[in-house]
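Asks:
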Amino acid sequence: MATTTTAAAPTGVATPRINGASLSAFVGSLVRVVGEVVDKTGAVSLRTCDGHTVTVQSQDPMLYSTKFVEVIGHVSPELSIREAKVIPFGDSFNLELYSKVVGHTLKHRAVFG
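Using our numbering, you'd call the opening residue of the sequence shown number 134 and step up by one each time.
#1: With the cut-off set at 8 angstroms, would you say V202 and I214 are in Cβ contact?
#2: Less than 7 angstroms between C-beta atoms, sequence neighbours within five positions excluded: which residues of the same chain meet that for V208?
#3: Measure the C-alpha to C-alpha separation of T136 and S225 and round it to an integer number of angstroms.
#4: Just how far apart, CA to CA, sit G175 and T186?
#5: According to DSSP, what are the bridge partners of I205?
So, in structure tokens, the structure goes:
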């Protein structure tokens with residue numbers, strides 16, 4: 134799948150995978166969030182793997198061309214994400230299974246970074 138970059142995203146930097154409930158623990162940090170695109174009129178809204186709705190500050194909402202995406206970006210104090218990169222995940226993705234993966238990575242942060 135193609136990767137679309139809208140701003141400089143650091144390479145080689147550990148980016149934790151998070152869900153909507155954990156946003157507040159990562160304010161100012163570079164993170165990865167996978168979700169279902171639920172709205173892209175104006176700001177982009179994602180339904181995260183744990184069912185929260187997160188606003189993504191995107192320079193070009195039209196880059197969200199598939200139903201599921203991964204967004205790499207910084208968590209703002211308002212608990213939205215300032216997009217650095219968006220990666221299309223296609224139109225079929227198991228958010229329930231992904232939620233379990235995220236739960237384990239958050240629980241064992243020393244192992245997963």
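Using N, Cα and C, we set each Cβ at its ideal position, and we do this for glycine too. Given the structure is predicted, the values throughout are model-derived calculations rather than measurements.
Replies: Checking against the coordinates, here is how it stands:
#1: Counting from 1 along the sequence shown, the entry for residue 202 is found at position 69. Counting from 1 along the sequence shown, the entry for residue 214 is found at position 81. The criterion of a C-beta distance shorter than 8 angstroms is not satisfied by V202 and I214.
#2: By 1-based counting over the sequence shown, the position of residue 208 is 75. Around V208: L156, F159, V160, G161, S162, V164 and I214.
#3: The count along the sequence shown starts at 1 and reaches residue 136 at position 3. The count along the sequence shown starts at 1 and reaches residue 225 at position 92. The pLDDT assigned to T136 is 49, lower than 50, so where the model puts this residue is not dependable; a value taken from the coordinates is nonetheless given after this. Each residue's alpha carbon lies about 17 angstroms from the other.
#4: For this step, residue 175 is matched to residue 42 along the sequence shown. For this step, residue 186 is matched to residue 53 along the sequence shown. For G175 and T186, the distance between alpha carbons rounds to 15 angstroms.
#5: The sequence position of residue 205 within the sequence shown is 72, counting from 1. In DSSP, I205 forms a bridge with R165 and K218.
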